[in-house]
Amino acid sequence: MSTSSPRPVAVLGGNRVPFARSGGAYAKATNADLLTTTIDGLVARFGLAGERVGEVVAGAVLKHARDWNLARECVLGTSLDPTTPAYDLQQACGTGLEAAILVANKIALGQIDSGIAGGTDTASDAPMAFSDDLRGVLMRLNRAKTPMDRAKIIASIRPGHLTPSVPQNVEPRTGMSMGEHMAITAKEWGITREAQDELAVASHRNLAAAYDRGFFDDLVTPYLGLSRDGNLRPDTTVEKLASLAPVFGKGEGATMTAGNSTPLTDGASAVLLSTAEWAADHRITPLAWFVDGQAAAVDYVNGGDGLLTAPIFAVPAMLARQGLTLADFDFYEIHEAFASTVLVTLAAWEDEAFCRDRLGLPGALGSIDRSKLNVNGSSLAAGHPFAATGGRIVASLAKMLHEKGSGRGLISICAAGGQGVVAILEAA
Amino acid sequence: MGILGSDPYAALLGTPLGKRMVDSLGLPKPATLRRYAVDAPLLDGAALLGWLDDDHPIADRIRTIFDVEGIEVGDPFDTLPAAAVIVDLSGIAEPGDLERFRAVVAPSLKRLKSSGRVLVIGRPESSATTPAQAAARRALVGATKSVAKEMRAGGTANLLLVAEGADDQIEAAVRFLLSGRSAYVSGQVIEVSGGSAPVERTEWTQPLAGKVAVVTGAARGIGAAIAEVLARDGATIVAVDVPAAGEALARVANQLRGTALQADVTAPDAGERIVDHAHLRHGGLDIVVHNAGITRDKLLANTDEARWASVLGVNLESILRMNDAILGPRGLRDGGRMVLVSSIAGIAGNRGQTNYGASKAGVIGLTTFLGRDAQLRSRGITVNAVAPGFIETEMTGAVPFATREIGRRLNSLQQGGLPVDVAETIAWLSQDANAGVSGQVVRVCGQSLIGA
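For the protein sequence lines, the chains are A and B, in the order given. The numbering used here runs 198 ahead of the 1-based position in the first sequence. The numbering used here runs 382 ahead of the 1-based position in the second sequence.
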């Protein structure tokens, strides 16, 4: 057995299409279209046409049955060497980041030298299924042996059977939407409407400023006529957002609106990772090192934890392993599923009792310098095509670290099912 | 090719009824032009070679090319069909010597096959030593341009002026003007001067092998064709276009196995980014094609400041700014090539295109200046421009039918050119072997009547 130590893993760059509001510019694009285009944009940026990379790992959250081999089918549609292997992966909104962790791990172990991690989602082309009743009928029809049997079975179909089964943005075990879950957690932590709206405005302003200074010129490839994220509202203000009615939570204390929650979005992203040697061989300058990754989950069904609070638990575990504190970062990328998700995460880390009782720490994990938070915007402005968010963040953060020339960045992404995926990058 | 299909008149000519109609009405009959293919011969038939008197060093050099290519050299006074006639008149001293032009070319014309070539070799008027010599040398310009208008069936006629001392620099130009690469170049005067020691050996089917070429505006149209032809000739392509064109740009880069660089050429750091990308990703920079350009057409009376500024900004000022980096110490390597895309509108002007015409004329001024820059010449860097005439692109496809038909037919070849014709000329200007051609503006216009 080999005893070689893990190899450093470089983030070389990324690509994504501008994210579109559901039913917008990508209304007719499939997950396969989005992911193929995104990988091809990455290939073009790095001159990889005709090359075989070690592995392509990608996934989608809203996925058609026909897309059972999505990543590999997309690879065959790109300019990559068709002998590039690929597999699908799915961990709700953590899909993109988890894909990067898996690629990084294989590179670190010496199993591959390079890889592409990606994710795609479209709420415009969501799969619909026959109702379970109709499926039962059709399965019986398939098994029927005589024409008479078949006729009887067909005659048993009722109009009610024809209502399709549409995937819903709800937790199967609670029947509550993610927003409704988050509204409860936000209320528990006393997150104010004003704080949420301020965070949302900052997200839009930061993202718009990043586009204006050309930050995304080598991170985004326009698609179907869209060159900036369709959800971006550069001129939004706290006043404008204050006029919106709450959509999640009930009554007096409801604070979550369409303005401080992410909309359903379509898009895809991909990140290129490799060893330092592979990068040098291809004359590509690494932007950052992929240092570590961690997943966690909470029992939001029977336990008291909020659905989207798992990253609160994942981060301290990863920091302890790395011997780092929360203050040791130059950039914090906390995925804005909702503005309140970010604010609850920060509040929990600042709460001495919570950190002591729930995280097993001697005191509060600490507070962060807000000027280092989501400095080029995040999901509230860009939108959030579930599986594509991880790749968006990894590529952007790697570039930010490269621009700065030093330092560390923390990524925190919450996911359905009470999960969270977090990671650390370091400037290369 | 889809673009050919956009010329319904040419399609009509392809039908028996259409051909009879055109014949009886005496309408123009555009020929299918002989275009370059990697495996095509330099000429698809014999070459006729004539000269003035006993001393004919340039004709001898051209004969050597034919020997290498296995092309039969026929006697101008024979009667067999031929693919080209070349007459070396570098030695003419007075108008009386011009009879030799008539004597060689006149009988040959009727023997030329379709897409035939007339290539006249002369010396620049500027270095003439007597009034009679200057007059005779200049006379060749008028003679060649007139013959170009007399050519039929896709034939072209061009004049190559070889400066004293540059006889060993002509091979790339001669090959270009005889081959299908110059399908849509006719009535042109090209000067070969100075240059460095001739390249020992050129692989003529991969003349750009090992070169790194940047093409701006490469996402579509003429820019995409330039990238494709440079890649075919062996270059590694850095395809540059504005971020908004990224989707098409990625397709071009992947198809050519190059890299895509999304950059707005008007950004202050565009030149730096291009140079950095070429160095970091490809180890250097050998060829730059300034092709990116826009139109914002309006009569001058209706042109506001924004329309004026954007066209001048993209088409001219961006090149000046990017050149700070591209011609700087980390930019083009010694022996590098720069080609700028001008336009016939920059030569003749065009109604409703005052801003565009100004920018494209500015490109010519810039080319002429840089082409004679002593420091660049000492580094072996050449700077040339191409000026396309009517080229069949998406842009010209949007022009109203009648205007488009006029633009298409008002040239000696009676048809629009293809993006590949512009690209072939640029690829030729990018060759190492073309070290003696600098500061030239080569029109790719089928000898358009406009601006002639």
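From the three backbone atoms N, C-alpha and C, an ideal C-beta is built for every residue, glycine too.
Quiz item: Mind pulling the chain A residues with CB within less than 7 Å of GLY771(B)?
Solution: Along the second sequence, read from residue 1 onward, the residue named residue 771(B) stands at position 389. What GLY771(B) touches in chain A: nothing, since even the nearest Cβ is about 31 Å away.
Exercise. Sort out for me which residues DSSP pairs MET720(B) with in a bridge.
Key: Residue numbering aside, residue 720(B) sits at position 338 when the second sequence is read from its first letter. For MET720(B), which the question treats as bridged, DSSP gives the partners VAL670(B), VAL765(B).
Exercise. Return the CA-CA distance between GLY713(B) and ALA707(B), expressed in angstroms with no decimal places.
Key: By 1-based counting over the second sequence, the position of residue 713(B) is 331. By 1-based counting over the second sequence, the position of residue 707(B) is 325. Taking the straight line joining both Cα atoms gives about 6 Å.
Quiz item: According to a CB-to-CB cut-off of less than 8 Å, which residues of the segment 659-688 of chain B neighbour chain A?
Solution: Correct list: LEU662, ARG663, HIS664, GLY665.
Practice problem: Can you grab the Cα-Cα spacing for the pair GLY589(A) / ASP615(B), in whole Å? | Solution: Along the first sequence, read from residue 1 onward, the residue named residue 589(A) stands at position 391. Along the second sequence, read from residue 1 onward, the residue named residue 615(B) stands at position 233. Between the alpha carbons of GLY589(A) and ASP615(B) lies a gap of roughly 37 Å.
Quiz item: Quick one: Cα of LYS597(A) to Cα of SER700(B), how far?
Solution: Taking the first residue of the first sequence as 1, we reach residue 597(A) at position 399. Taking the first residue of the second sequence as 1, we reach residue 700(B) at position 318. Distance between the alpha carbons of LYS597(A) and SER700(B): 26 Å.
Quiz prompt | Residues near LEU471(A) in its chain [Cβ-Cβ closer than 8 Å; skip 5 each side] | solution = As a first step, residue 471(A) must be located in the first sequence, where it is residue number 273. Taken in chain order, the residues that qualify are VAL207, ALA208, VAL209, LEU210, ALA298, VAL301, ALA302, ILE305, SER312, GLY313, ILE314, ALA315, PHE488.
Practice problem: Could you check the C-alpha separation between GLU450(A) and ASP651(B) for me, to the nearest Å? | Solution: Position 252 of the first sequence, counted from the start, is the residue given in the question as residue 450(A). Position 269 of the second sequence, counted from the start, is the residue given in the question as residue 651(B). Here the alpha carbon of GLU450(A) sits roughly 52 Å from the alpha carbon of ASP651(B).
Quiz item: Counting Cβ pairs closer than 8 Å, one from the segment 324-344 of chain A and one from the segment 495-511 of chain A, do we hit at least three?
Solution: Contact between the segment 324-344 of chain A and the segment 495-511 of chain A is absent, because fewer than three Cβ pairs lie under 8 Å.
Exercise. Measure the C-alpha to C-alpha separation of LEU638(B) and GLY710(B) and round it to an integer number of angstroms.
Key: Start at 1 with the first residue of the second sequence, and residue 638(B) comes out as number 256. Start at 1 with the first residue of the second sequence, and residue 710(B) comes out as number 328. Spanning the alpha carbons of LEU638(B) and GLY710(B) requires a straight line of approximately 28 Å.
Self-check item: Contact check, THR648(B) vs VAL620(B), beta carbons under 8 Å
Solution: Against the second sequence, residue 648(B) aligns to sequence position 266. Against the second sequence, residue 620(B) aligns to sequence position 238. In this structure, THR648(B) sits away from VAL620(B), with a CB-CB distance that is not shorter than 8 Å.
Quiz item: Nearest chain A C-beta to GLY628(B) closer than 8 Å, yes or no?
Solution: The count along the second sequence starts at 1 and reaches residue 628(B) at position 246. Closer than 8 Å to some Cβ of chain A, the Cβ of GLY628(B) qualifies, so yes.
Practice problem: State yes or no: is the C-beta of ARG754(B) within less than 8 Å of the C-beta of GLY799(B)? | Solution: In the second sequence, the residue the question calls residue 754(B) occupies position 372. In the second sequence, the residue the question calls residue 799(B) occupies position 417. Not a contact, by the Cβ cut-off of 8 Å.
Exercise. Give a yes or no on contact between the segment 799-818 of chain B and the segment 546-562 of chain B, applying the rule of three or more CB pairs nearer than 8 Å.
Key: As far as the Cβ criterion goes, the segment 799-818 of chain B touches the segment 546-562 of chain B, which means the pair count is three or higher.
Self-check item: Selected residue, minimal CA-CA separation from LYS570(A), among THR455(A), ARG606(A), ALA456(A), ALA626(A)
Solution: As a working mapping, residue 570(A) is identified with position 372 in the first sequence. For the residues THR455(A), ARG606(A), ALA456(A), ALA626(A), the minimum Cα distance to LYS570(A) belongs to ARG606(A).
Quiz item: Just the Cα atoms here: how many angstroms apart are CYS827(B) and LEU397(A)?
Solution: Counted from its first residue, the second sequence places residue 827(B) at position 445. Counted from its first residue, the first sequence places residue 397(A) at position 199. In this structure, the alpha-carbon of CYS827(B) lies about 58 Å from that of LEU397(A).
Practice problem: Reducing DSSP to helix, strand and coil, say where GLU253(A) ends up. | Solution: Your numbering for residue 253(A) matches position 55 in the first sequence. Under the three-state reduction of DSSP, GLU253(A) is assigned to strand.
Self-check item: Under 8 Å from the C-beta of ARG715(B): neighbouring residues of chain A
Solution: Residue numbering aside, residue 715(B) sits at position 333 when the second sequence is read from its first letter. Simply none; closest approach about 16 Å.
Quiz item: Any idea what DSSP makes of THR511(B), helix, strand or coil?
Solution: Indexing the second sequence from 1 puts residue 511(B) at position 129. In the structure shown, THR511(B) sits in coil (DSSP, three-state: anything other than H, G, I, E or B).
Quiz item: Cβ of LEU698(B) less than 8 Å from any chain A Cβ?
Solution: Within the second sequence, the letter at position 316 stands for residue 698(B). No, because no Cβ of chain A sits closer than 8 Å to the Cβ of LEU698(B).
Exercise. Give the straight-line distance between the Cα atoms of ALA607(B) and TRP586(B), rounded to the nearest whole angstrom.
Key: Counting from 1 along the second sequence, the entry for residue 607(B) is found at position 225. Counting from 1 along the second sequence, the entry for residue 586(B) is found at position 204. About 20 Å.
Quiz prompt | Inside the segment 592-667 of chain B only - alpha helix (DSSP H) runs reaching at least 4 residues | solution = If we require 4 residues or more, the alpha helix (DSSP H) runs fully inside the segment 592-667 of chain B come out as 603-614, 628-637, 652-664.
Quiz prompt | Backbone CA spacing between GLU531(A) and LEU623(A) [nearest angstrom] | solution = Stepping through the first sequence from its first residue, residue 531(A) is reached at position 333. Stepping through the first sequence from its first residue, residue 623(A) is reached at position 425. In this structure, the straight-line span from the alpha carbon of GLU531(A) to that of LEU623(A) is close to 11 Å.
Exercise. Report buried or exposed for ARG759(B), applying the criterion of at least 16 other Cβ atoms within 10 angstroms of its Cβ.
Key: Walking along the second sequence from the start, residue 759(B) turns up at place 377. Counting every other CB atom within 10 Å of its CB across the protein chains shown gives ARG759(B) a total of 16 or more, marking it as buried.
Exercise. For the segment 219-249 of chain A, enumerate the residues whose C-beta is nearer than 8 Å to any C-beta of chain B, in chain order.
Key: Taking a C-beta cut-off of 8 Å against chain B, the contacting residues of the segment 219-249 of chain A are THR235, ASP238, GLY239, VAL241, ALA242, ARG243, PHE244, GLY245, ALA247, GLY248, listed in chain order.
Exercise. Answer yes or no: does any C-beta atom of chain A fall closer than 8 Å to that of GLY640(B)?
Key: Stepping through the second sequence from its first residue, residue 640(B) is reached at position 258. Interface annotation, GLY640(B): in contact with chain A, CB-CB separation under 8 Å.
Exercise. In angstroms with no decimal places, state the Cα-to-Cα distance between ALA393(B) and LEU494(B).
Key: The count along the second sequence starts at 1 and reaches residue 393(B) at position 11. The count along the second sequence starts at 1 and reaches residue 494(B) at position 112. When rounded, the distance between both Cα atoms is 25 Å.
Quiz item: Between the segment 588-603 of chain B and chain A, which residues of the former have a C-beta closer than 9 Å to a C-beta of the latter?
Solution: Correct list: empty, as no residue qualifies.
Exercise. Please determine if the segment 715-722 of chain B and the segment 759-769 of chain B are in contact, where contact requires at least 3 C-beta pairs separated by less than 8 Å.
Key: Three or more beta-carbon pairs separated by less than 8 Å link the segment 715-722 of chain B to the segment 759-769 of chain B, which places the two stretches in contact.
Practice problem: Pick out whichever of ALA349(A), ALA440(A), LYS343(A) has its Cα sitting closest to the Cα of GLU392(A). | Solution: As a first step, residue 392(A) is located in the first sequence; it is residue number 194 there, counting from the start. Taking only the C-alpha atoms, the option nearest GLU392(A) is ALA440(A).
Self-check item: Proximal chain B residues relative to ARG481(A), where beta-carbon distance stays under 8 Å
Solution: Within the first sequence, numbered from 1, the residue matching residue 481(A) stands at position 283. Close partners of ARG481(A) in chain B (Cβ separation under 8 Å): LEU662, ARG663, HIS664, GLY665.
Quiz item: Any heavy atom of the ligand NAD within a distance shorter than 7 Å of the CB on ALA691(B)?
Solution: You won't find the ligand NAD in this model; it holds no ligand whatsoever.
Exercise. Specify the secondary structure class of THR538(B) as computed by DSSP and reduced to three states.
Key: The count along the second sequence starts at 1 and reaches residue 538(B) at position 156. DSSP places THR538(B) in strand when its eight states are reduced to three.
Practice problem: Compute the Euclidean distance between the alpha carbons of SER203(A) and PRO484(A), then round it to the nearest angstrom. | Solution: Position 5 of the first sequence, counting from 1, holds the residue named residue 203(A). Position 286 of the first sequence, counting from 1, holds the residue named residue 484(A). Straight through space, the alpha carbons of PRO484(A) and SER203(A) are spaced by roughly 20 Å.
Practice problem: Establish whether the CB of LEU631(B) and some CB of chain A are separated by less than 8 Å. | Solution: By 1-based counting over the second sequence, the position of residue 631(B) is 249. Chain A, which has a Cβ nearer than 8 Å to the Cβ of LEU631(B), makes this yes.
Quiz item: So with Cβ pairs under 8 Å, would you call PRO477(B) a contact of chain A?
Solution: What you label residue 477(B) is simply residue 95 of the second sequence in a count that begins at 1. No, PRO477(B) does not count as interfacial toward chain A.
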